[in-house]
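To keep things clear, I will list the structure first and then write my remarks on it.
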Amino acid sequence: MFVSLKLVPTEHVSLRQCGILTSHKELILSIRSTACYRSMANSAITLVSWWGGVQMGPPDPILGVTEAFKRDTNPKKMNLGVGAYRDDQGKPFVLSCVRKAEAIITSKQLDKEYLPIGGLGEFSKACAELALGADSEVLKSGRNITVQTISGTGSLRIGANFLSRFHGGPLDVYLPKPSWGNHTPIFRDAGMQLKAYRYYDPSTCGFDFKGALDDISKIPEQSVIMLHACAHNPTGVDPRPEQWKEISDIVKKRNLLVFFDMAYQGFASGDIDRDAWAVRYFIEQGHNIVLSQSFAKNMGLYGERVGGFTVVCNDAEEAKRVESQLKILIRPIYSNPPMNGARIAATILNTPDLRSIWLGEVHGMANRIIKMREQLVAGLKKEGSSHNWQHVIDQIGMFCFTGLKPEQVERLTKEFSVYMTKDGRISMAGVTSGNVGYLAQGIHAVTK
Amino acid sequence: MSVFSEVPQAAPVAVFKLSQDFSNDQFPQKVNLGVGAYRTDEGQPWVLPVVKKVEKIIVHDDRLNHEYLPILGLPEFRSSASKIALGDDSPAIQEDRVGAVQCLGGTGALKMGAEFLRRFYNGNNNTKTPVYVSAPTWENHNAVFANAGFDDVRPYKYWDAENRGLDLAGFLGDLESCPEHSIFVLHACAHNPTGTDPTQEQWMQIADIMMRRKLFVFFDSAYQGFASGSLEKDAWAVRYFVSMGFEMFCAQSFSKNFGLYNERVGNLTIVAQDADNLKRILSQMEKIVRTTWSNPPSQGARIVAITLNSPELFSEWKDNVKTMADRVLLMRAQLKAKLQALGTPGTWDHITEQIGMFSFTGLNSKQVEYMVKEKHIYLMASGRINMCGLTTKNIDYVAESIHETVTMVQ
């Protein structure tokens, strides 16, 4: 609908205040004051918004859980959707090594000049060492390029963009079934196609090793395969070392490009070297991997957005070329990364005392999770459950795929105010010694 | 055989290469007039006193932790940042049709806006919609929009090299002749790299045409407060366009006016027609954010939010901003005076007429090369200098060098 009127406000009042644009369907010429505008001929105002056709985006499934949890007035309510560590009082945990690092940083009175596009050098170096091991041949020969990224998501995104632009093989990424929900849209937005390989076996709540090998053996050469380095999200099911070895073999046979996502190093078993074993083994076996790392969980630096992206190249010269291209990718997204979290992480990793404290605290967090797993299973036995809950203990990391069906999840939420995602996934971080008994009660009630 | 063996070496980003060359230069009187960051009269980076104060507050507040921010960012940051751009009493804000996305610096805000426009503006996924950026403009504008998927990023006439001013006729001509619905990236104030802004009357003409021809308004506001020393004055154009009734985006950066360069503090302010449109826009923005960085970094946004929401700290911040703006104005005045005193060929009024951190000196590429190689004064090939690189100690050397260059090299 158009009006051949030109309105030129002589002061800063909106057209709305002039009585125009009260809705985009009608034009109401209730002119409040002729003093507020003057009209000229031969111009048009469109009343239809640019965005009329924009649909409401679907609500985020995890956020929906938290919203509902917030509204619930039951004092015994539990939020097991949250993907962030909580202490045994159910509170967010700021690591003491982080506080100490912050104090050191404050005392240095550093400036706030832009970081290089690839981030804080001392962080990237320490980040690579953490993943690959200080004695890694890759580091010695300088054939890796590691850049600081916006936590794990930012790392995956840069990686996806890099592959989309430069990967000579099929732009197909094979994700384990299931995988972290955000993997799919990240790769899709970057222009890659998503495929899957079997991974989780619902009948055992464990690893479908045979299915995985079978599917992987059929993946077209040079495709990209995504592997969760440890503490698989959402299932908590990790391959055993012997199984990793066979996976490495078949991946090598198929000549696939390996993309490791390591968001929980240290957080899974409590031991950073143990959790990085698969990554290091693959490299030793000759895979030139790409790797995403996050420090959100293992350093509790969630909101500071600390992560790294690594490409293991043939040699240092290739690494230089790859680096130059990564910078070209990063610059038009956010120019250069944020300092604060990377500075904290670098200080921790590079200061022996703090690193020591950190290793202890990571161990502590992992241990608490492991203990909660054990207590949950014990609690279920005590309630008299006849089901096999061994998988709760066998699974590792923050998440547990309980095996609960959607109807059971719904009952658990409605009757017990226990909030979790429909796929039966619970965040063990939300479980405390204070509420694990209640959780066992609820799970038993809906599964007996 | 590596999958990356064919990856070519990319050329380095010019402005960072310049800084590197400067770093490597051993000449004792070298001057860096390249990268766009504020420097004190001692040539040092400056952490704003109010920022130091607020950082102490944060470190000592035990209630604060490092949990994830919401996807769209810290709410108190988003709303106070939008108020800075639009004004506390903005009718659009009162009408609940202003929203915001906290982003990683001004770059991140441009990126989010660009990604949204490519998906939802002028049809769905219409990568053919022309995006116009000024000639010249900040070199990253092109890449931001191209990488967001726009096929057609073009220049609009802006800088009149001969007269060292705004090519208004050319600009208006491009506005009249461009395809309808084209997107225009406008510099809210302190145009980078020319330092030349339209006057208020000229902005009104620009707005008229854009409204009539249904062009999309995308402001880039990286220097609010830094240009004139006044937040209100530097936001005049943005607020005028809002009052005209445009649905528009404004990418805000707090890198310069808060000196928070490396904390990546930015805000994409969205002015929609009504609350319902706004709601749907923000829901889609969340999806774009989620696949790019999930949620933004918390430190810088906290510093800004605490400052803007406390009357005393806000006042102190405005003083700090004025300190920076005033030093730049002083350097402009002194450089022009010295060049005139030296009798340097040419006119140098543009040095004080231009505004903000940058000045387009008018030096050509041969002259720039001379400045860099012979005088060890580092500036961009375009002739752009960062006024912040000038100090009372080096301004004589710079003025004399410009004089020498202009006389020796044509």
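If you read the sequences in order, they're chains A and B.
Take this note's numbering: the final residue in the first sequence is number 589, and no numbers are missing along the way.
Take this note's numbering: the final residue in the second sequence is number 1333, and no numbers are missing along the way.
For glycine and all other residues, C-beta sits at the position ideal for the given N, C-alpha and C.
Everything numeric in this text was worked out from a predicted model, so none of it was measured.
Could you name the residues of the stretch 1174-1199 of chain B whose beta carbon sits closer than 7 Å to any beta carbon of chain A, in the order they occur along the chain?
So the list reads GLY1182, LEU1183, TYR1184, ASN1185, GLU1186, ARG1187, ALA1195, GLN1196, given in the order they occur along the chain.
Please list the terminal residues of the continuous beta strand (DSSP E) segment that includes HIS369 of chain A.
From DSSP, the beta strand (DSSP E) with HIS369 of chain A extends over 365-369.
Taking only three categories from DSSP, how would you classify ARG395 of chain A?
ARG395 of chain A: coil per DSSP, three-state reduction.
So with Cβ pairs under 8 Å, would you call PHE401 of chain A a contact of chain B?
Answer no: the Cβ-Cβ gap between PHE401 of chain A and chain B never drops below 8 Å.
If we require 4 or more residues per run, which alpha helix (DSSP H) segments fall completely within the stretch 498-547 of chain A?
DSSP runs (the alpha helix (DSSP H)) wholly in the stretch 498-547 of chain A: 531-535.
Can you tell me whether ARG173 of chain A is buried or exposed? The criterion is at least 16 other CB atoms within 10 Å of its CB, across all chains shown.
Note that ARG173 of chain A scores a pLDDT of 32, beneath 50, so its modelled location is shaky and nothing firm can be said.
Can you tell me where the beta strand (DSSP E) with THR287 of chain A in it begins and where it stops?
It spans 285-291 - the beta strand (DSSP E) in which THR287 of chain A sits, taken as one unbroken run.
Compute the Euclidean distance between the alpha carbons of GLY377 of chain A and MET539 of chain A, then round it to the nearest angstrom.
Each residue's alpha carbon lies about 7 Å from the other.
Here's the rule I'm using: 16 or more other beta-carbon atoms within 10 Å means buried, otherwise exposed. How should MET506 of chain A be labelled?
Classification for MET506 of chain A: buried.
Establish whether the CB of THR187 of chain A and some CB of chain B are separated by less than 8 Å.
Since pLDDT at THR187 of chain A reaches only 42, below the 50 mark, its modelled position is unreliable, and the value read off the structure follows with that caveat. For THR187 of chain A, the answer is yes, since a Cβ of chain B falls inside 8 Å of its Cβ.
Looking at the structure shown, is GLY1189 of chain B part of a helix, part of a strand, or coil, going by DSSP?
Strand, per DSSP.
In chain order, what residues of the same chain lie with their CB nearer than 6 Å to the CB of GLY1031 of chain B, ignoring the 5 residues before and after it?
So the list reads GLY1189, once near-sequence residues are dropped.
Return the chain-ordered list of same chain residues with a C-beta closer than 7 Å to the C-beta of GLU929 of chain B, the five sequence neighbours on each side being excluded.
Hits under 7 Å: none found.
Check MET1294 of chain B in the structure and name its three-state DSSP category.
MET1294 of chain B falls in the helix class under three-state DSSP.
Using 8 Å as the Cβ pair cut-off and three pairs as the minimum, do the stretch 1180-1195 of chain B and the stretch 1220-1227 of chain B touch?
Yes: the two stretches touch, three or more of their Cβ pairs being nearer than 8 Å.
If you measure between the beta carbons of SER1166 of chain B and GLY198 of chain A, is that distance less than 8 Å?
Result no, Cβ atoms of SER1166 of chain B and GLY198 of chain A do not sit closer than 8 Å.
Going by CA-CA distance only, name the one from A:ILE360, A:GLU464, A:GLU383 that's closest to LEU398 of chain A.
Of the listed residues, the one whose Cα sits closest to LEU398 of chain A is A:ILE360.
Ignoring anything shorter than 4 residues or poking outside the stretch 417-505 of chain A, list the alpha helix (DSSP H) runs there in chain order.
Correct list: 418-425, 457-475, 480-491.
To the nearest angstrom, report how far apart ARG306 of chain A and ALA337 of chain A are at their CA atoms.
Answer to the nearest angstrom: the Cα atoms are 22 Å apart.
Determine the closest residue to LEU521 of chain A out of A:GLN466, A:THR492, A:GLY578, with distance taken between C-alpha atoms.
If we check each option's Cα against that of LEU521 of chain A, A:GLY578 comes out closest.
Only counting the same chain, and skipping five residues up and downstream in sequence, which positions put a Cβ closer than 6 Å to that of ALA1111 of chain B?
Taken in chain order, the residues that qualify are PHE1142, SER1144, ALA1160, VAL1161.
What residues in the stretch 297-327 of chain A bring their beta carbon closer than 7 Å to a beta carbon of chain B?
For the stretch 297-327 of chain A, which is checked against every Cβ of chain B, the residues closer than 7 Å are ARG298, PHE307, HIS308, GLY309, GLY310, ASN323, PRO326, ILE327.
Can you list, in chain order, the residues of its chain with a C-beta nearer than 7 Å to that of ILE478 of chain A? Leave out the 5 residues immediately preceding and following it.
Checking the displayed sequence, the identity of residue 478 of chain A turns out to be Pro instead of Ile. The residues are LEU256, GLY260, GLN289, THR290, ILE291.
Is there a C-beta anywhere in chain A that falls below 8 Å from the one on HIS989 of chain B?
Interface residue, yes.
Mind checking GLY1306 of chain B: buried by the 16 CB within 10 Å criterion, or exposed?
Classification for GLY1306 of chain B: buried.
Would ALA301 of chain A and THR488 of chain A be called neighbours here (beta carbons separated by less than 8 Å)?
No.
For SER1206 of chain B, return the contacting residues in chain A, with the cut-off set at a CB-CB distance below 9 Å.
The contacting residues are VAL195, GLN196, MET197, GLY198, PRO199, PRO200.
State the Cα-Cα distance for the pair SER296 of chain A and LYS940 of chain B, rounded to the nearest angstrom.
Taking the straight line joining both Cα atoms gives about 25 Å.
Do PRO1053 of chain B and CYS1101 of chain B count as a contact pair if the criterion is CB distance below 8 Å?
A contact, by the Cβ cut-off of 8 Å.
When you compare the CB of PHE1141 of chain B with every CB in chain A, is at least one pair closer than 8 Å?
No, PHE1141 of chain B lies away from the interface with chain A (no Cβ there is under 8 Å from its Cβ).
From VAL431 of chain A to VAL463 of chain A, what distance separates their C-alpha atoms?
Each residue's alpha carbon lies about 12 Å from the other.
If you follow the alpha helix (DSSP H) that HIS373 of chain A is in, where does it begin and where does it stop?
Here HIS373 of chain A belongs to no alpha helix (DSSP H), and DSSP marks it neither H nor E.
In this structure, how does DSSP classify PRO317 of chain A when only helix, strand and coil are distinguished?
Strand.
Excluding the 5 residues flanking ASN481 of chain A on each side, which residues of the same chain have their C-beta closer than 8 Å to its C-beta?
The answer, listed in chain order, is GLU445.
Do you know how far the Cα of ILE994 of chain B is from the Cα of LYS327 of chain A?
The sequence shown places Ile at residue 327 of chain A, not Lys. If you take the alpha carbons of ILE327 of chain A and ILE994 of chain B, they lie about 15 Å apart.
What does the alpha-carbon distance come out to for the pair GLN1196 of chain B and MET1134 of chain B?
One C-alpha to the other measures close to 14 Å.
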